[in-house]
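Protein chains in written order, with this note's numbering: chain F, 1 to 338; chain C, 1 to 324; chain W, 1 to 345.
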Amino acid sequence: MATKGERILEVRDLVKHFPLTQGIMFKKQIGAIKAVDGVSFTLDKGETLGIVGESGCGKSTLAKLLMALERPTSGSVMINGRDMARAKGGELKRMRRNIQMVMQDPYTSLNPRMTVGDIVGEPFDIHTEVAPKGDRSRRVQELLEVVGLNPDHINRYPHQFSGGQRQRIGIARGLALQPEIIVCDEPVSALDVSIQAQVINLLERLQNEFNLAYIFIAHDLSVVRHISDRVGVMYLGKFVELGKDVEIYDKPAHPYTQALLSAVPVPDPEGREQRERIILQGDPPSPANPPSGCRFRTRCWKAQEICAEEEPLLQIRPGTQHESACHFAETHDVVHVG
Amino acid sequence: MSRDTPQTGPVQPETQTVTTDQVTTAPSPGKRRKQKEGKPASLWSDAWHDLRRRPMFIMSLVLIAILMVMAFWPSLFTSINPLDARTCELATARQGPSTGHIFGRDNQGCDVYARTIYGAKNSILIGVTTTIITAIVGGLLGLIAGSRGGVVDTVSSRVTEVFFAIPMILGALLITATFRGQDMGIWIVVMALAVLSWPMTFRIMRAAVITARSQDFVVAARALGASQGRIMFRHLLPNALAPVIVVATINLGGFIAAEAALSFLGVGVQPPDISWGLMIADARSRFLEAPLPLVFPAVFLSITVLAFIMLGDAVRDALDPKLR
Amino acid sequence: MKKTSLDTLPAEGGLGDEPLLAVDNLHVEFATRAGTVRAVNGVSYSLGPGETLAVLGESGSGKSVTAQAIMGILDMPPARIPKGEIRFRGTDLLKLSDEARTQVRGQRIAMIFQDALSALNPVFTVGWQISEMFRVHRGMSKRDAMIKAVELMDRVRIPAAKQRVNDYPHQFSGGMRQRIMIAMSIALDPEVLIADEPTTALDVTVQAQIMELLAELQRESNMGMILITHDLGVVADVADKIAVMYAGRIVENAPVHDIYRNPAHPYTKGLLESIPRVDLKGQELYAIKGLPPNLLDMPTGCAFHPRCPYRQDNCVTDNPPLYEINGRRNSACHYWREVLDGDQG
Numbered sequence: 001m002a003t004k005g006e007r008i009l010e011v012r013d014l015v016k017h018f019p020l021t022q023g024i025m026f027k028k029q030i031g032a033i034k035a036v037d038g039v040s041f042t043l044d045k046g047e048t049l050g051i052v053g054e055s056g057c058g059k060s061t062l063a064k065l066l067m068a069l070e071r072p073t074s075g076s077v078m079i080n081g082r083d084m085a086r087a088k089g090g091e092l093k094r095m096r097r098n099i100q101m102v103m104q105d106p107y108t109s110l111n112p113r114m115t116v117g118d119i120v121g122e123p124f125d126i127h128t129e130v131a132p133k134g135d136r137s138r139r140v141q142e143l144l145e146v147v148g149l150n151p152d153h154i155n156r157y158p159h160q161f162s163g164g165q166r167q168r169i170g171i172a173r174g175l176a177l178q179p180e181i182i183v184c185d186e187p188v189s190a191l192d193v194s195i196q197a198q199v200i201n202l203l204e205r206l207q208n209e210f211n212l213a214y215i216f217i218a219h220d221l222s223v224v225r226h227i228s229d230r231v232g233v234m235y236l237g238k239f240v241e242l243g244k245d246v247e248i249y250d251k252p253a254h255p256y257t258q259a260l261l262s263a264v265p266v267p268d269p270e271g272r273e274q275r276e277r278i279i280l281q282g283d284p285p286s287p288a289n290p291p292s293g294c295r296f297r298t299r300c301w302k303a304q305e306i307c308a309e310e311e312p313l314l315q316i317r318p319g320t321q322h323e324s325a326c327h328f329a330e331t332h333d334v335v336h337v338g
Numbered sequence: 001m002s003r004d005t006p007q008t009g010p011v012q013p014e015t016q017t018v019t020t021d022q023v024t025t026a027p028s029p030g031k032r033r034k035q036k037e038g039k040p041a042s043l044w045s046d047a048w049h050d051l052r053r054r055p056m057f058i059m060s061l062v063l064i065a066i067l068m069v070m071a072f073w074p075s076l077f078t079s080i081n082p083l084d085a086r087t088c089e090l091a092t093a094r095q096g097p098s099t100g101h102i103f104g105r106d107n108q109g110c111d112v113y114a115r116t117i118y119g120a121k122n123s124i125l126i127g128v129t130t131t132i133i134t135a136i137v138g139g140l141l142g143l144i145a146g147s148r149g150g151v152v153d154t155v156s157s158r159v160t161e162v163f164f165a166i167p168m169i170l171g172a173l174l175i176t177a178t179f180r181g182q183d184m185g186i187w188i189v190v191m192a193l194a195v196l197s198w199p200m201t202f203r204i205m206r207a208a209v210i211t212a213r214s215q216d217f218v219v220a221a222r223a224l225g226a227s228q229g230r231i232m233f234r235h236l237l238p239n240a241l242a243p244v245i246v247v248a249t250i251n252l253g254g255f256i257a258a259e260a261a262l263s264f265l266g267v268g269v270q271p272p273d274i275s276w277g278l279m280i281a282d283a284r285s286r287f288l289e290a291p292l293p294l295v296f297p298a299v300f301l302s303i304t305v306l307a308f309i310m311l312g313d314a315v316r317d318a319l320d321p322k323l324r
Numbered sequence: 001m002k003k004t005s006l007d008t009l010p011a012e013g014g015l016g017d018e019p020l021l022a023v024d025n026l027h028v029e030f031a032t033r034a035g036t037v038r039a040v041n042g043v044s045y046s047l048g049p050g051e052t053l054a055v056l057g058e059s060g061s062g063k064s065v066t067a068q069a070i071m072g073i074l075d076m077p078p079a080r081i082p083k084g085e086i087r088f089r090g091t092d093l094l095k096l097s098d099e100a101r102t103q104v105r106g107q108r109i110a111m112i113f114q115d116a117l118s119a120l121n122p123v124f125t126v127g128w129q130i131s132e133m134f135r136v137h138r139g140m141s142k143r144d145a146m147i148k149a150v151e152l153m154d155r156v157r158i159p160a161a162k163q164r165v166n167d168y169p170h171q172f173s174g175g176m177r178q179r180i181m182i183a184m185s186i187a188l189d190p191e192v193l194i195a196d197e198p199t200t201a202l203d204v205t206v207q208a209q210i211m212e213l214l215a216e217l218q219r220e221s222n223m224g225m226i227l228i229t230h231d232l233g234v235v236a237d238v239a240d241k242i243a244v245m246y247a248g249r250i251v252e253n254a255p256v257h258d259i260y261r262n263p264a265h266p267y268t269k270g271l272l273e274s275i276p277r278v279d280l281k282g283q284e285l286y287a288i289k290g291l292p293p294n295l296l297d298m299p300t301g302c303a304f305h306p307r308c309p310y311r312q313d314n315c316v317t318d319n320p321p322l323y324e325i326n327g328r329r330n331s332a333c334h335y336w337r338e339v340l341d342g343d344q345g
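Given below as structure tokens:
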């Protein structure tokens, strides 16, 4: 399924710390929330990289960094060889044409006081060089058609559409500038089950049609598996495991990935009593004060002394074919046993 | 979960087979106007189309038009010129309604009807201009403070807090007394009231902008590379305007009343000039004996305030596509 | 477990043929500006002690409204119950006085909600809120009630319960808050627990913890549980039987294994085929076409017919009854035989 293409995105050592301050008039920094703490990955043309993790793992901050909505503390986001994280003004605006996003909440991501035509046409108003003025309404109607909406509805307002249709409007807006990369931040999690499949199929169809590359961020591991070529698992601001989808799902090597996968309810009651369940204790620690060494060690059943002392690097470990960040990495299929 | 309970667009029972991810939408609800092919709508043009069909809007507009005509061509409504002292007869003070003096006469024996008509100019002028100035100044500053945040917001918010600490009438007294020498007529009152009341509009606009700013559609616009001005005027302003409109129109009555209080205290509009506030203040002392000289200007004042509140409500609703 | 018996209702035992809780032909309407919304149109289901019934449906299907009707927490008006019975141990709750209803609510039928943060009062400590159940309903002293609160927090496995009893809701994580909600709901040993999307707002790993806790509590106390959810995965994990709702009706109900192995209604079948699975990597997903119906303007005949691949002419005109299949399951589809055989009409 992966159409191997040239590399279009390279993220290196991306770090984002949000300072924690005290005092109202005279602010004093008392610490930092390490939302994203050293993330590196690459993305090829036409490829989908899924990023999974629980709330607070930094995946949404990562999306904002990729979109240059937040400036990183350090690290780089190279798009076609140019650093988006350092770009400013006109250059940044030009680079934005190449990376667009689809947001989670179809109810708040569309301006309720703009018509659908204005929403989908806004990219052309901002980047006037993309489409000549007379051409715009035709382009908007084409875009609506591409995402499966009635092109005659340009004069309607968002509230006249259902959640799934609004998400299509958001996708049409993302496609307008013909970007090579689309960052999808939980694009289906706010939708009803029967509508989710429609939107996922649409995203896949558009990918094939326009050779798009997706960064697909979600907490739903089943959806990520369905759409991704490669998957990265995030925990407390870092990738703990990164590899091809089959490797992550069928041969997970990191204990956190294993626990995450085993916790996903499988819609099949057969053999549910025998299914292996790794139930993690407690909640993830605060990203303001992460544990020393391996960040997962406080909830890990494999933790030894070394885990507190030495931080495991994301690398290919013996007996595995993909990168994982665990001193005791060991593949274990939790999904298919039982 | 339940946030998309009954959807407005009914689902059309479609009969053709559609591809799996094609969604059919319903024809628009009959209420909406037919749009001409290829003529894109916008919030403002849709609002205007909607307003023209709202009885409340038409009614308030008619009322305001009548009041305006009354304010600027009072002689169309009455043949008596109350500014001419000869029309008053002290002997007939507080006389009830009679032919030629349908609202009766006031404490000075002047015709209440004519004075009410002639008082409209000052009162409406003060109310409307003060409202417009506070809405524009306070609204614009609130929009900037709310959308910029940071130092701009902190500084301007602290400044408005200083203004809030000044009692309205006391502050206005001070300002009008200071500029008394210059012959500025009612504009000194407008200035005093505006200077003291823009912070209110500022706070409301700022709060509404901050609420709107955190919404995803603003993030989406930033991700598209939209300029600060575009975000402010295309995205934040239309979504923050409603509470400002409501408060501004309610304040309008307050300004007319504040002018009355100032006149009563000897600043602002002074006899022989006329304003509703002045008339109410005059008639107050003998209200039990002769209620009409107070009631009539008060009724006109209420009608004016009501007309503007209705106008504000209609505009606010028209700017909300969900209420159309 | 010993239950406090109420005068108006028979205590435990003596059930005879009557299930613990039976909803019978329930109708709920809402009066809105735009017209009457028929949110629930003749829903019937029953629940026995120790049993878990999953009510599955999308937004607007009426699954939560049914639960709120059982709890008696619908705002009436605008809501109205024109028809139907809700029998708890044989007594129709809808016919009880407000006072008797209050006795049942919380004590014998309890409910937990999706959003634990907004369900807890932010200005009281969690200990105070849990112990309130005992002070109000059991007349315990503050001291004794607080001791019971700590016990309950232990029971729902909140670590260091003794130290945390005086903390405020915002000091707990989402999963812990849901545990506190559960502690409050089981405080008075209810016989029926209604869980409305209890894990939807939670992360996968926390979701697993909460579901495990609920299952354990149910085993200990033999409660009947109604689990309201849209998540087919969660249902498959814990339910004994399933009622699938669509547009205010139950379109299929069956034991859990039957539904997943062989759905008898096109909607259920479509849902099962449309979800991506973590253990299978498929190609294009099957997607149910179209949108859920507008409750103000329901399709004629079967409400699902505009989206149904099995539709025949009579589906547009005749609303199918809930057909009985093999004596243990039902489907509201004229063509359930074809659906079972997998033969696309």
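Every residue, glycine too, gets a C-beta built ideally from N, C-alpha and C.
Alpha-carbon to alpha-carbon, residue j and residue i
i: Arg230 of chain F; j: Lys251 of chain F; result: 13 Å
i: Gly266 of chain C; j: Thr176 of chain C; result: 10 Å
i: Leu340 of chain W; j: Pro267 of chain F; result: 18 Å
i: Ile112 of chain W; j: Arg179 of chain W; result: 10 Å
i: Leu285 of chain W; j: Val188 of chain F; result: 14 Å
i: Glu6 of chain F; j: Gly75 of chain F; result: 22 Å
i: Leu177 of chain F; j: Val130 of chain F; result: 7 Å
i: Glu273 of chain W; j: Ser222 of chain F; result: 13 Å
i: Gln22 of chain C; j: Glu197 of chain W; result: Unreliable positioning characterises Gln22 of chain C in this predicted model, as indicated by a pLDDT of 38, which lies under 50. The coordinate reading is nonetheless provided below. Between Gln22 of chain C and Glu197 of chain W, the C-alpha separation is close to 29 Å.
i: Ser60 of chain C; j: Phe308 of chain C; result: 7 Å
i: Lys339 of chain F; j: Leu143 of chain F; result: A question about residue 339 of chain F goes unanswered here, because the residues of chain F that appear run from 1 up to 338.
i: Leu149 of chain F; j: His265 of chain W; result: 28 Å
i: Ile64 of chain C; j: Met70 of chain C; result: 10 Å
Cut-off 8 Å between Cβ atoms - residues of its own chain near residue i, not counting five sequence neighbours on either side
i: Glu70 of chain F; result: Lys16, Thr61, Lys64
i: Val256 of chain W; result: Ala54, Val235, Ala236, Ala239, Asp240, Lys241, Ile242
i: Gln207 of chain W; result: Thr199, Val234
i: Pro284 of chain F; result: Glu54, Gly56, Cys57, Tyr235, Leu236, Arg299
Chain-order list of residues whose beta-carbon lies under 6 Å from that of residue i (same chain, five-residue window excluded)
i: Ala72 of chain W; result: Sequence inspection shows Gly at residue 72 of chain W; the Ala mentioned does not correspond to that position. These residues qualify, in order along the chain: Arg101, Arg105.
i: Ser123 of chain C; result: Ile256, Ser275, Trp276
i: Arg405 of chain W; result: Because residue 405 of chain W is not part of the residues shown, which for chain W are 1 to 345, the question remains open.
i: Gly38 of chain C; result: The predicted model places Gly38 of chain C with a pLDDT of 48, which falls under 50 and marks its position as unreliable; any figure quoted below should be read in that light. Contacts found: none.
i: Gly146 of chain C; result: Arg206, Val209, Ile210
Cβ pair residue i, residue j closer than 7 Å
i: Pro255 of chain F; j: Cys300 of chain F; result: yes
i: Gly174 of chain F; j: Ile181 of chain F; result: no
i: Gly121 of chain F; j: Val140 of chain F; result: yes
i: Leu294 of chain C; j: Ala281 of chain C; result: no
i: Leu202 of chain W; j: Gly175 of chain W; result: yes
i: Ile288 of chain W; j: Ser194 of chain F; result: yes
Sequence-distant residues of the same chain with beta carbon closer than 7 Å to residue i, five excluded per side
i: Gly170 of chain F; result: Val102, Met103, Pro106, Ser109, Leu110
i: Pro72 of chain F; result: Leu14, Val15, Lys16, Leu65, Ala85
8 Å contact criterion, which residue i and residue j should meet: CB distance rounded
i: Phe30 of chain W; j: Val23 of chain W; result: With a Cβ gap of about 18 Å, Phe30 of chain W and Val23 of chain W do not count as contacting.
i: Ile99 of chain F; j: Met67 of chain F; result: 7 Å
Legend entry - Sequence ranges, alpha helix (DSSP H) only - wholly within the stretch 159-229 of chain F, length at least 4: 163-175, 193-210, 221-227
Inset, instruction - Could I get the ranges of all uninterrupted alpha helix (DSSP H) runs contained in the stretch 146-199 of chain C, with 4 residues as the minimum, in chain order? - result: 150-164, 168-178
Legend entry - 4 or more residues per run - each alpha helix (DSSP H) lying fully within the stretch 90-148 of chain W: 98-104, 116-119, 126-138
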